[in-house]
Every structure is written in structure tokens, then in C-alpha cells.
Ligand code: HPA
């Protein structure tokens, strides 16, 4: 069974034929919402909306541990994250899709490990390649089958949010080697690794990051919504082809 975590613009997965919903209790508190079980073509799928079904949970307040634990507990064997980002590198224009291959983590104060109880042994997972290469490849194959253009690779900067970045912060992230910026990629990716769940992401570029792009300096949320709506239709099409890839 594949798990899909839907981000901004994907709090409902209309291509999922839902069989049942389940509210999962976890040792880490409440997940963002009920898990929705069903299938997309022949692929057993479980879906959760990262920000809640009413989009009420901001990035820094998402209970990442509860979400990942609940998906594992429900029998998920791999996780595809769908998330929106700002484009820093020139090639990542609004509306582009990418499957990132690296992460730089700038978040702070989030509960970022399952291994921190009083009697827990210290566990340090390898995170050299934060995304699972086999799952990345399956997404890229599905995109090709779906006829959707998607970039292979890119470095994701995870910022704390919920505010957007300053122009100087984006310049710094670019100097650090980041190509796109978002607020939810961490600790989600490392928590999946800790539970040995293959994890990969489909990122949707919603806007030029602050100070990037040609004309307007301000990021228009109305424009972001329009871009996301169009791009998420392409993500749904891609996911429809995932089961046969
Ligand atoms: N910055 C951070 N996160 C984002 C952005 C952005 O510009 N766009 C969508 N998510």
C-alpha cells in the first residue's frame, strides 16, 4: 500500500476511490486528520491531508510524528509527499513539477525524531540520500507515462514558516545550493526514514521565491492558488499512472 501526503492545493484526492476512513490514535498525539483508504487504479492507497482537511494546520504545527506513525501503523509501505514550493533556481518557474533529490533543513523546534524517549537508545539514521531512489524512479516513470514534464532532481530548502522568506534569505539559500524552498519537507522525510518507509516527493512550484522572477516583488496569494490548482490536476494525472509504473 502506498501512502500519499497531500499538501497545500491537494487536501482532497478526487482520483482516490475511498473505501473507508479511519481516525488513528498514536503515541505522539493526533494526526492531521482521518486516514482515507482506497485505491487509485489498482494501487491500494492511503491518503492524509498534511494541513488538515480544512487546511487549518500551519507548517510548524503539523504533527509530523503522528502522521508518519499513523501511516506506518495503517500498513503503508512507502510514502509519496506532495508539496508546494517557491522556485529559487531559474529553471523552477511557477507551475513546474520536480522530484527533489536533496534537502537542507533550516527548521527549528520541531519534534524531529522518534528516538527521544527517556529509555530510548540513541539511534542516528543515515540520511545521505534523504529520498528513496527506487520510489523517485517510479514517480519519474509514471510522469513519462502520464505525459507530464517533471524535473529529475533539485535541492529542497525546508524553512520554518509560516511566513514567506525575505529576498536576502532567498539569496542566502541560493548560495547554500538550494533550488526550491518549502516549509514541510522536514522533519517529515527523516521521520519516514526512521520508520524505514521509502519516501519521495513531488514538488509543485507555486511561485517565484521572494525577490526572484522578473516583475512583481510581492508574492500574490491569489496567483499562487491559481497556479496550484492547475498544477495539482497534473499531479493527479501523474498519480493515476503510478500504479502501472
Ligand atoms: N517559500 C516557502 N514555502 C513555500 C513558498 C515559498 O515561496 N511557496 C510555496 N511554499
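Residue numbers (this note's numbering): 21 to 265.
We treat Cβ as the ideally placed atom computed from N, Cα and C, and that holds for glycine.
These figures come from a predicted structure and were not determined experimentally.
Simplified DSSP assignment, three categories, for residue i
{"i": "residue 64", "result": "strand"}
{"i": "residue 160", "result": "helix"}
{"i": "residue 56", "result": "strand"}
{"i": "residue 101", "result": "strand"}
{"i": "residue 122", "result": "strand"}
{"i": "residue 127", "result": "coil"}
{"i": "residue 194", "result": "helix"}
{"i": "residue 42", "result": "strand"}
{"i": "residue 247", "result": "helix"}
{"i": "residue 210", "result": "helix"}
{"i": "residue 146", "result": "coil"}
CA nearest to the CA of residue i, picked from the options
{"i": "residue 244", "options": "80, 221, 43 and 228", "result": "228"}
{"i": "residue 182", "options": "241, 79 and 209", "result": "79"}
{"i": "residue 51", "options": "68, 35, 38 and 61", "result": "68"}
{"i": "residue 149", "options": "123, 86, 101 and 261", "result": "123"}
{"i": "residue 38", "options": "31, 60 and 219", "result": "60"}
{"i": "residue 239", "options": "230, 216 and 171", "result": "230"}
{"i": "residue 133", "options": "257, 48, 171 and 70", "result": "48"}
{"i": "residue 186", "options": "232, 36 and 64", "result": "232"}
{"i": "residue 211", "options": "191, 99, 203 and 153", "result": "99"}
{"i": "residue 87", "options": "184, 111 and 55", "result": "55"}
{"i": "residue 83", "options": "53, 92 and 112", "result": "53"}
{"i": "residue 64", "options": "260, 21, 145 and 169", "result": "21"}
{"i": "residue 170", "options": "204, 159 and 81", "result": "159"}
{"i": "residue 128", "options": "166, 94, 206 and 184", "result": "206"}
{"i": "residue 109", "options": "255, 204, 146 and 191", "result": "191"}
{"i": "residue 147", "options": "218, 93 and 94", "result": "218"}
{"i": "residue 256", "options": "117, 113, 153 and 111", "result": "117"}
Distance CB(residue i)-CB(residue j) smaller than 8 Å
{"i": "residue 107", "j": "residue 200", "result": "yes"}
{"i": "residue 90", "j": "residue 143", "result": "no"}
{"i": "residue 224", "j": "residue 251", "result": "yes"}
{"i": "residue 25", "j": "residue 33", "result": "no"}
{"i": "residue 166", "j": "residue 36", "result": "no"}
{"i": "residue 247", "j": "residue 226", "result": "yes"}
Alpha-carbon to alpha-carbon, residue j and residue i
{"i": "residue 156", "j": "residue 213", "result": "15 Å"}
{"i": "residue 161", "j": "residue 262", "result": "8 Å"}
{"i": "residue 30", "j": "residue 76", "result": "13 Å"}
{"i": "residue 46", "j": "residue 163", "result": "34 Å"}
{"i": "residue 5", "j": "residue 193", "result": "The requested residue 5 does not occur in the structure, where the chain is confined to residues 21 to 265."}
{"i": "residue 249", "j": "residue 196", "result": "30 Å"}
{"i": "residue 27", "j": "residue 66", "result": "14 Å"}
{"i": "residue 62", "j": "residue 253", "result": "20 Å"}
{"i": "residue 58", "j": "residue 188", "result": "44 Å"}
{"i": "residue 41", "j": "residue 71", "result": "17 Å"}
{"i": "residue 97", "j": "residue 216", "result": "9 Å"}
{"i": "residue 141", "j": "residue 179", "result": "29 Å"}
{"i": "residue 121", "j": "residue 174", "result": "6 Å"}
{"i": "residue 137", "j": "residue 94", "result": "23 Å"}
{"i": "residue 168", "j": "residue 260", "result": "12 Å"}
Expected contact under 8 Å - CB spacing of residue i and residue j to nearest Å
{"i": "residue 176", "j": "residue 105", "result": "7 Å"}
{"i": "residue 221", "j": "residue 151", "result": "7 Å"}
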